[in-house]
Amino acid sequence: MDRWKYYDIIHQRHSLMNPVDETKLERLYDLLELKPNASVIDIGCGKGEMLIRLAEKYDIKGLGIDKSPYCVREAEKGKRQRVPQADVRFLEMDGAQYKAESGESSHLAMCIGATWIYGGYRNTVRALGGMTRSSAFVMVGEPFWRTNPPREYLQSEGLSVDSFGTHHGNATTGESEGLRLVYTVVSSQEDWDRSEGLHWSTAAEYALAHPEDTDLEELLARDSKERESYLRWGRDTLGWAVYLFRKMR
Ligand SMILES: C[S@@+](CC[C@H](N)C(=O)[O-])C[C@H]1O[C@@H](n2cnc3c(N)ncnc32)[C@H](O)[C@@H]1O
């Protein structure tokens with residue numbers, strides 16, 4: 009099954025494709041106080057929800073990049089419906105291949121839940137730092153281990169202990185890359201439950217509405233495996249947070 013199709017189906021009811029509570033994020037958006045024409049880049053932007061929300065709140069110049077054609081289509085639709093006049097655009101491409109135009113440097117660079125694009129969390133913090141100007145913000149969304157992950161969980165998910173750090177580790181990694189941590193938004197188990205539950209319910213809804221789809225068996229098997237892994241291990245083991253850093257020079 010096409011992986012972008014799978015992600016599109018299980019995220020039908022998500023605007024943000026991560027276990028983050030939007031009211032908590034709103035407090036973080038308040039802190040940004042972006043000036044008119046501030047340039048914002050979002051790598052792995054999903055449906056563009058963060059850029060669109062920021063464009064509703066501030067007069068930004070935004071660029072969102074995502075590899076999924078489904079996401080870029082949704083992002084463009086959201087932009088047309090909610091902020092048609094805003095200077096926000098979306099590109100369908102591999103984020104790792106994006107090269108900023110010469111002289112282009114952002115006031116806010118973010119990558120929320122897609123750090124594999126740069127080969128991991130530290131590389132992402134570094135890459136985003138390199139795209140930003142003096143006193144800019146760098147925002148990264150990343151999982152963290154709440155407790156030592158059980159071996160069965162790692163095997164089932166194809167992860168290793170090194171796949172993620174701790175919450176404290178994620179915070180200090182940014183600092184060791186020369187940035188200053190200024191805020192975090194940490195997801196609760198309730199936030200995770202909502203996000204995961206929406207995957208399960210939309211997979212079931214899709215299956216009932218599209219009995220002819222030849223991908224159904226694979227879709228439901230994959231959703232069942234992910235649900236089992238979350239309930240058995242993930243819910244107690246994995247945390248998730250958005251880290252907001254600032255360049256101090
Ligand atoms: C977990 S989702 C997060 C989306 C968005 N940041 C959000 O919080 O709603 C990860 C996103 O990364 C995108 N993605 C995966 N690999 C990518 C790549 N190599 N380049 C750009 N986007 C990629 C996926 O299509 C998906 O939209």
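The working numbering puts the first residue of the sequence shown at 9, with every later residue one more than the last. A virtual CB, placed ideally from N, CA and C, is assigned to each residue, including glycine. For clarity, every value in this text was computed on a predicted model and none was experimentally measured.
Bounds of the beta strand (DSSP E) holding Thr140 are 140-153. Ile51 sits away from Gly86, with the two beta carbons spaced by 9 angstroms or more. In the structure shown, the three-state DSSP call for Glu100 is strand.
Counting along the chain, the unbroken beta strand (DSSP E) around Cys119 starts and ends at 114-120. The beta carbons of Val169 and Gly247 sit no closer together than 9 angstroms.
Within its own chain, the residues whose Cβ lies closer than 6 angstroms to the Cβ of Glu82, once the five positions on either side in sequence are excluded, are Lys55, listed in chain order. A residue is called buried when at least 16 other Cβ atoms come within 10 angstroms of its Cβ; Ala46 meets this threshold and is buried. By the Cβ neighbour-count rule, Met101 is exposed, with fewer than 16 other Cβ atoms within 10 Å of its own. Setting aside the 5 residues that flank it on each side, Ala63 is surrounded in the same chain by Gly70, Val91, Ala94, Val96, each with a C-beta closer than 7 angstroms to its C-beta; the list follows chain order. Per DSSP, reduced to three states, the secondary structure at Ser168 is coil, with no helix or strand assignment. Contiguous alpha helix (DSSP H) elements confined to the region 178-250 occur at 197-217, 224-237, taking only those with 4 or more residues.
Around the beta carbon of Arg61, a 10 Å sphere encloses 16 or more other beta carbons of the protein chains shown; the residue is thus reported as buried.
A Cβ-Cβ separation of about 6 angstroms places Phe152 in contact with Gly173 under the 8 angstroms criterion.
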